[in-house]
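To start, the structure itself, in structure tokens.
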Amino acid sequence: MSTNAPALPDAFLRAPLAHRAYWDLAQARPENSRAAIRAAVEAGYGIEIDVQLSRDGAAMVFHDYALDRLTEGKGAVNAQTAAALETIPLKAGDGRGMPQLSDVLDIVAGRAALLIEIKDQDGGLGANIGRLEQAVAMALTGYRGPVAVMSFNPHSVIQMAALAPDVPRGITTCDYAAEDWPMLNAAKRARLRAIPDYDAAGASFISHQAEDLSRARVADLKTRGAGVLCWTIRSRAQETRARRIAQNITFEGYAAEIPA
1 MSTNAPALPD
11 AFLRAPLAHR
21 AYWDLAQARP
31 ENSRAAIRAA
41 VEAGYGIEID
51 VQLSRDGAAM
61 VFHDYALDRL
71 TEGKGAVNAQ
81 TAAALETIPL
91 KAGDGRGMPQ
101 LSDVLDIVAG
111 RAALLIEIKD
121 QDGGLGANIG
131 RLEQAVAMAL
141 TGYRGPVAVM
151 SFNPHSVIQM
161 AALAPDVPRG
171 ITTCDYAAED
181 WPMLNAAKRA
191 RLRAIPDYDA
201 AGASFISHQA
211 EDLSRARVAD
221 LKTRGAGVLC
231 WTIRSRAQET
241 RARRIAQNIT
251 FEGYAAEIPA
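Sequential numbering of the sequence shown, starting at 1, is according to full-length UniProt numbering.
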């Protein structure tokens, strides 16, 4: 753990974290929806959510950059105001649109660990960021439950250290395979793979790709006291393998067991 890092609360190392909340389309609970948030709380899980930026600067709880896959709308999320985004129905849901982060905080109300992934707004994990981080920090002002933020973009995590220094923060990490990151050149992928910004960000944890947990850098950070979470687990067998290294999982598609 970095010397200036707020510690990751123990709640993040107990109950498994429901990926994009406890979503299940068969139960009318789309990804990152209010219904999926409530279901996670009721089931006793922690919650992982994503935030994107609206045109007017609100933190919206949504994974994709475009509306097409998950909603009845089309086009870029950041081309619409928060009010408009709340009226575009999520597919297979209850007719409601995406929530703002402030709405989700009201729903959770400290009853579950809440891990917020700040989606990259630069386009290449660079420094052209700031508005979404400001919106997240503003929404979190006064929130008292166990909460932490993370991002693939280390600039976002560093910015959160300045905007909300008391909120635990981490870096979302992976093997940076070329086919998964076509917008990054080989040199940048190699740099990010080494997780070089952990200390500069004042991070206290990483959330690492489950298939890459054996990487030496992960072991090094864990030895130094970093919390090690992982993504995305989709079966009990995969969970068993991941827990040999990771201290907790982010899961979807099955009911993860909550440790006694």
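All residues carry an ideal CB built from backbone N, CA and C; glycine is no exception. Everything numeric in this text was worked out from a predicted model, so none of it was measured.
- Contact check for ALA242 and LEU213: beta-carbon distance about 6 Å, within the 8 Å limit, so the pair qualifies.
- Of all C-beta pairs linking the region 22-40 to the region 208-224, fewer than three are shorter than 8 Å, placing the two stretches out of contact.
- The criterion of a C-beta distance shorter than 8 Å is not satisfied by MET60 and GLN121.
- If you look at GLU133, you'll find it isn't in any beta strand (DSSP E); it sits in the alpha helix (DSSP H) that goes 131-140.
- Counting along the chain, no beta strand (DSSP E) covers ILE107; the unbroken alpha helix (DSSP H) around it starts and ends at 101-108.
- Close CB contacts of LEU163 within its chain, under the 7 Å cut and outside five residues either way in sequence, are with GLU133, GLN134 and ALA137 (chain order).
- Within the region 57-128, the beta strand (DSSP E) runs of at least 3 residues that lie entirely inside it are, in chain order, 59-61 and 114-118.
- Restricting attention to ALA127, TYR143, TRP231 and LEU140, the CA atom closest to the CA of ASP175 is found in TRP231.
- Shortest Cα-Cα distance from ILE116 to any of ALA139, ILE129 and GLY95 involves ALA139.
- When HIS19, ALA200 and PHE251 are compared, the shortest CA-CA separation from SER235 is found for PHE251.
- In the structure shown, the three-state DSSP call for ASP24 is strand.
- Taking the CA atoms as reference points, GLU86 sits about 43 Å from ALA216.
- For VAL77, the closest C-alpha among the options GLY93, ILE37, ALA161 and ALA58 is that of ALA58.
- For GLU48, no alpha helix (DSSP H) run applies; the uninterrupted beta strand (DSSP E) run containing it begins and ends at 46-53, by DSSP.
- Beta-bridge pairing by DSSP links ALA161 to no other residue.
- Per DSSP, VAL41 lies in no beta strand (DSSP E); the unbroken alpha helix (DSSP H) holding it starts and ends at 34-43.
- Three or more Cβ pairs drawn from the region 157-172 and the region 197-204 lie within less than 8 Å of each other, which places the two stretches in contact.
- Rounded to the nearest angstrom, the gap between the Cα atoms of PHE62 and ARG14 is 25 Å.
- By the C-beta density criterion, THR71 is buried, having at least 16 other C-beta atoms within 10 angstroms.
- LEU105 is not a Cβ neighbour of ILE88, given a cutoff of 8 Å.
- Per DSSP, LEU192 is one residue of the alpha helix (DSSP H) stretching across 186-193.
- Within a 10 Å sphere around the beta-carbon of ASP94 sit fewer than 16 other beta-carbons, which makes this residue exposed.
- For LEU229, the uninterrupted beta strand (DSSP E) run begins and ends at 227-233, by DSSP.
- Contact check for GLY46 against ALA11 passes: the beta carbons are separated by less than 8 Å.
- Residue pairing by DSSP puts LEU17 in a beta bridge opposite GLY46 and THR250.
- In this structure, GLY145 sits near LEU114, with a CB-CB distance shorter than 8 Å.
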